[in-house]
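Scroll down for the structure; my scribbles are underneath it.
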Amino acid sequence: MVDSYSKSISAPKKVLFVLLTIFILLVIVETFLRIAGIEGRRESPFFLLLRVHEYPEYFRRHPTLFWEFVPNKTISGDFIAKGEYHINSHGFRGEEFDADKPKDQVRICCIGNSCTFGWEIPTGGTYSERLEDHLRSSYLDKNIEVINCGVPGYTSHQGLILLKEKILDYDPDIITLSFGWNDMWGAGRGLSDREIKVLSPFVIWLQNNLAKLATYRLVKYLILEVTEKEGLSGFDVENPTYRVTLNEYRQNLMEIRKIALENGITPVFLTSPAPQSSVYLGEGRRTQLERIFMIHEEYNKVIRDLQQENQFLMVPLATFFQNQAGFFDPELKDYIHYNERGHVYVAELIARYIKRYNLIEKTNNQ
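Residue numbers (our numbering): 875 to 1240.
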């Protein structure tokens, strides 16, 4: 009886000892990784869709948007490009703003991806900031506010959800929309944005907290090193699975327009500029990059077709950028994000369009 009782007591103690040992080892490993600065981050063209867990200092998981910025955060480093970027309490880049729009204010929300966010563009240089300066100097008697709602990696699918779940609460008078590059990008795990499962709040909470552990990120890194293709080799250009297909892109834009108009908002769609391959690559050279430019242009064509069919309000940025150099990285290391000079030009074009069609005068705040 004594031996049996002794054994029944020792078993739980052994389990507790093992668990305590594992916990101590994890603490030691976690401490070492943090002190040594070892990060398990693997470069991938799908870094946001699959890698948001690896950047908990910048992003957190979201059940429907997939990811969003950590609010009230000043980002310093070279991942979101070298420099310092402030994320306000609403999870967007820029100064703080009141969700409840003042009665006398004309509010414009610029919705889009990293081009709208201002990748590698210093504070004050994004097209949303420059657009606000343009319009305020042109309408001295108006209280005009332009909010940067661009989030790196977002597609039109996420833009539609963002409009419904957040932007409508800000009661904008005008929204500009710039998507395309991420829509045509490779779908992580072969799942389009529409096919990605919506996770429960508990799973999101668990993932966001685990992502803060360097040990967890390192384990993920080691697994992906073995199981995933690297770089663009993971994207089949000839037979791709896009995050958002051309048909889905068209549907998303039409739904955005419908929701905006139903809520008294004027939507303005922007075609997305890309550097001309002939300017950067020379005439007659067929490359994978040129193929990507051709696919990108198909997404721009969707906006042009909708503008003709449904009288979409459109600023043809891609057309204005044609046959011009100096708006992108001259070495073409970055062929997606236009530079600070490009942001100046985009702001001028949008401002010109707004003035031409009297969009400020047509708001309900007059």
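Using N, Cα and C, we set each Cβ at its ideal position, and we do this for glycine too.
Check: The region 957–974 touching the region 1012–1030, judged by at least three CB pairs closer than 8 angstroms; Outcome: yes
Check: DSSP-derived helix/strand/coil call for G1200; Outcome: coil
Check: Y1219 to H1008 span [Cα, whole Å]; Outcome: 11 angstroms
Check: Residues bridged to E874 (per DSSP); Outcome: What the structure shows of the chain is the stretch from 875 to 1240, and residue 874 is not part of that stretch, so it cannot be assessed.
Check: Inter-residue Cα distance where the pair is M1058 and E1122; Outcome: 11 angstroms
Check: Candidates L1036, D1203, F1143, of which the one nearest P1190 by Cα; Outcome: F1143
Check: Straight-line gap, A885 to T1029 (C-alpha atoms, nearest Å); Outcome: 54 angstroms
Check: 6 angstroms CB neighbourhood of L1073 in its chain, flanking five on each side removed; Outcome: P937
Check: Whole-number beta carbon distance between L1233 and L1180, since they are thought to touch under 8 angstroms; Outcome: Actually they do not touch by this definition, with Cβ atoms about 18 angstroms apart.
Check: Inter-residue Cα distance where the pair is K1016 and R1010; Outcome: 7 angstroms
Check: Coil, strand or helix - T1237 by DSSP; Outcome: coil
Check: Delimiting residues of the alpha helix (DSSP H) encompassing G911; Outcome: That residue, G911, is in no alpha helix (DSSP H); it is neither H nor E in DSSP.
Check: Which listed residue (P1046, L893, G999) has its alpha carbon closest to that of L1222; Outcome: The sequence shown places Glu at residue 1222, rather than the Leu named in the question. When each option's Cα is compared against that of E1222, the closest is G999.
Check: Limits of the unbroken beta strand (DSSP E) element including T990; Outcome: Note, T990: premise wrong, no beta strand (DSSP E); alpha helix (DSSP H) at 988–991.
Check: Endpoints, beta strand (DSSP E) assigned at W941; Outcome: 940–943
Check: Helix, strand or coil at A1225 according to DSSP, with G and I counted as helix; Outcome: helix
Check: Three-pair Cβ contact test at 8 angstroms for the region 930–946 versus the region 1041–1051; Outcome: no
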